[in-house]
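Be aware that the sequence shown starts at 1, since it is given in my numbering, and climbs by one per residue.
Just so it is clear, CB atoms sit at the ideal spot from N, CA and C, and this is done for glycine as well.
Everything numeric in this text was worked out from a predicted model, so none of it was measured.
Comments concern the structure below.
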Amino acid sequence: MNDAIMESYDELEIIRCCIWRTNTGVVSYNTYKELRMHTIALLAAPILSRLEMPDDLRNIWKKYILQQMNYNIKYRYEQNQLPITVPYVILKGTSAAKYYPFPELRVMGDIDIMTRREDYETACCMLIKKGYMEIGSNTDEKNKRHREFYKNGIHVEVHQFFAAMNDLDTSNYLDNLIVSNIIADTHILPDLINGLVLLEHIRQHLRTGLGLRQIIDWIFFVDKCLDDTSKWSLFQKKANCIGLDKLAIIVTRMAEMYLGLSEHEWCKMADEELCNQLMNHIKKSGNFGNKQAENTSVGENVILATFSPKEAFRLFQKRGLINWKVGMGKKHLQSFAWVYQMLRYFYKGIRRKKPVRRLLNEYQIAKTKYNMFNKLGVNRDKKGKQ
């Protein structure tokens, strides 16, 4: 266990208590804040009375638990009332919570559903007809993947695509697996496919901000569904097809080392130093990067993106379309938004204090992250065999 993780050992001990409802411990305000950052403080509900903490912190925590439980009840009600009659499946959310010992203790975010391609527009229209407000224009680039709606305090994302890998064929392979398992009478994927969705969700947030909630989703899935070598063998075949079997092994071994997951034969040979690196990365990120903003400069993210030409282009083009006011209303210029954004980053970079020193420091940090992602098998443009 390296120094950075040793510094947060007490926090990890409390996190393990919350996950497995074991032991007791002393909780500080900082530990509570850490659990909130990672959206996992609700897990403490069954053991809150056994944890030692100041009375005012206990009252704050109780209030938070009540608020989140009320939100989760509202969330599940709205999900059950969705006015969509075409076949669809739930991604993440309650589909992840079903593996928890107490499903109601998983904090919910958006309702994510996925339809068959031919039903996508119909599903969106059904929401609009029932008073759901669409967020953003349905001509936005992101809406080729999903559209977002809002009603009664709940966000709903309707996907026609979910996977977002560098290699389009690999993304299509996972998306087609999901679509082929959409059955009219149920909104739940088979466990094997559901596990691939949870794993791809982890991969999607590795760069932008992976939190412990996504890891705990995976922990409970492994505990229920990959608890022997034969089950892992079946899962690995599919995970290998999308290039995520190495990530599955490392995340699982990391969870065994730091988060109390029981040991599994199929991940004993994992690189434990890589597990250390990943744990540090997660601790610095928080759920969807809400801590990463404090710890990561824009320069680090830009440099990290430049290690992959495809990713760099996507980042520059996306940010350029947002920032380039002159090109906003001129379609013939929008294709060059990436050039504007690249120059904008360069100009802002050289105007900083000690730009060369900061650039070199950011480069080293970005390179370390890139090497970690490479070892995890998530940097490759081509992933696995189909």
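Residue pairing by DSSP places Val-158 opposite Ile-113, Arg-147 in a beta bridge. Short of 7 Å from the beta carbon of His-187, and not among the five residues preceding or following it, lie these beta carbons of its own chain, in chain order: Tyr-88, Val-89, Ile-90. Put simply, the stretch 123 to 130 does not touch the stretch 167 to 178. Fewer than three CB pairs are less than 8 Å apart.
Counting C-beta pairs closer than 8 Å gives three or more between the stretch 333 to 346 and the stretch 308 to 324, which meets the contact rule. Under the DSSP definition of a beta bridge, Val-251 lacks any partner. Under the three-state reduction of DSSP output, Tyr-88 falls in the strand class. Counting C-beta pairs closer than 8 Å gives fewer than three between the stretch 91 to 103 and the stretch 54 to 65, which falls short of the contact rule. Counting other Cβ atoms within 10 Å of its Cβ, Tyr-75 reaches 16 or more and is therefore classed as buried. Taking 8 Å as the cut-off, the beta carbon of Val-378 is found no closer than this to the beta carbon of Leu-212. Annotation: the continuous beta strand (DSSP E) that includes Glu-134 extends over 133 to 135. By the Cβ-count criterion, Ser-95 is buried, with 16 or more other Cβ atoms from all chains shown falling within 10 Å of its own Cβ.
Just so you know, the alpha carbons of Asn-240 and His-205 end up roughly 19 Å apart. For Ile-350, the number of other beta carbons within 10 angstroms of its own is below 16, and it is reported as exposed.
For Val-27, the secondary structure class from DSSP, reduced to helix, strand or coil, is coil. Look at Glu-104 here: in three-state DSSP terms it is helix. Assignment of Glu-263 by DSSP, reduced to helix, strand and coil, places it in the coil class. Across the structure, Ala-45 and Leu-105 are spaced so that their CA atoms are roughly 8 Å apart. Contact check for Asp-110 against Glu-34 fails: the beta carbons are separated by 8 Å or more. Rounded to whole angstroms, Glu-118 and Leu-177 show a C-alpha spacing of 16 Å. Annotation: the continuous alpha helix (DSSP H) that includes Pro-355 extends over 355 to 376. For Glu-118, no pairing in a beta bridge is given by DSSP. Setting aside the 5 residues that flank it on each side, Gln-160 is surrounded in the same chain by Arg-117, Tyr-120, each with a C-beta closer than 6 Å to its C-beta; the list follows chain order.
Annotation: Tyr-99 is outside any alpha helix (DSSP H) and is labelled neither H nor E by DSSP. Between Ala-184 and Asp-175 a beta carbon distance of about 19 Å is seen, past the 8 Å cut, so the two are scored as non-contacting. The stretch 215 to 222 and the stretch 249 to 259 touch, with no fewer than 3 CB-CB distances between them shorter than 8 Å.
Residues of the same chain with a CB within less than 6 Å of the CB of Gln-79, apart from the 5 flanking positions on each side, are Ile-111 in chain order.
Taking all protein chains in view, the Cβ of Asp-245 is crowded by 16 or more other Cβ atoms within 10 Å, so the residue is classified as buried.
Across the set Leu-48, Glu-256, Asp-191, Glu-273, the C-alpha of Glu-256 shows the shortest separation from the C-alpha of Cys-267. For a cut-off of 8 Å, the C-beta gap from Arg-16 to Leu-259 is around 6 Å, short enough to register as a contact. Listed in chain order, the alpha helix (DSSP H) elements of length 4 or more contained wholly in the stretch 43 to 85 are 55 to 80. With respect to the 8 Å criterion, Val-86 and Thr-39 are not classified as neighbours on the basis of their beta carbons.
In the three-state reduction of the DSSP assignment, Leu-244 falls in the coil class. The beta carbon of Leu-42 is closer than 7 Å to those of Ile-65, Gln-68, Leu-105, Val-107 in its chain, skipping five residues each way along the sequence. Thr-31 sits buried, since 16 or more C-beta atoms from the chains shown fall within 10 Å of its C-beta. Boundaries of the alpha helix (DSSP H) around Gly-195: 191 to 204. Around the beta carbon of Met-53, 16 or more other beta carbons sit within 10 angstroms, so the residue counts as buried.
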